[in-house]
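Participant:
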Amino acid sequence: MEIERKYLVTSPPENYKSFPHHFIEQGYLSTDPVVRVRKEDESYILTYKSKGLLAREEYNLPLNEDSYQHLISKTDGCVLTKRRYLIPVEHCDHLTIELDVFEGRYEGLMLAEVEFESLEEAHSFTPPSWFGKDVTLSGEYQNSRLSQMP
6 MEIERKYLVT SPPENYKSFP HHFIEQGYLS TDPVVRVRKE DESYILTYKS
56 KGLLAREEYN LPLNEDSYQH LISKTDGCVL TKRRYLIPVE HCDHLTIELD
106 VFEGRYEGLM LAEVEFESLE EAHSFTPPSW FGKDVTLSGE YQNSRLSQMP
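Residue numbers (the numbering used here): 6 to 155.
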């Protein structure tokens, strides 16, 4: 089960580039249900996600590079590219902010996601002051939806 909240970010911390990060490229074979292929650095993953906004089932399967290249060529919509910075949440050792800084088509878009162990933890989370609008329940900033925008 994936439980996460998502926020728009317009003013990230000045030092965000000093945190560890990954380069991500991903495309969608289907958006209903969500079936995604992703390259994260040198790893390749096929992901299925059930319906939902705050909480949903998620299954990941490893791919090799050849399988990824074959599947990414079959995706619908645009391929998303971004850098994901991993920023620890202050005063909460087990939570990490995943700050996605988009490149390419969505250059300039920044989204912060935080995954939680329970719905209670997600609902009681107080975001850092640099987080913008909570867009979790709108669905408009789900990556699968962004990939399908004209």
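We put the beta carbon where it would ideally sit given N, CA and C, even for glycine.
1. Sort V40, K138, N20 by Cα distance to T80 and report the nearest one.
2. Counting Cβ pairs closer than 8 Å, one from the segment 85 to 93 and one from the segment 25 to 36, do we hit at least three?
3. Check for me: the beta strand (DSSP E) holding R88 runs from which residue to which?
4. Report the CB separation of E63 from K54 in whole angstroms; it is logged as a contact under 8 Å.
5. If we call anything under 8 Å between Cβ atoms a contact, is I8 one with L124?
6. What does R10 pair with, by DSSP beta-bridge criteria?
Facilitator: Let's see:
1. Looking at the Cα atoms, V40 is the closest of the given residues.
2. Below 8 Å, enough C-beta pairs join the segment 85 to 93 and the segment 25 to 36 to call them touching: three or more.
3. Under the DSSP assignment, R88 falls in the beta strand (DSSP E) whose first and last residues are 81 to 93.
4. Indeed they touch by this definition, with Cβ atoms about 5 Å apart.
5. A contact, by the Cβ cut-off of 8 Å.
6. In the DSSP output, where bridge partners are listed per residue, R10 has V119.
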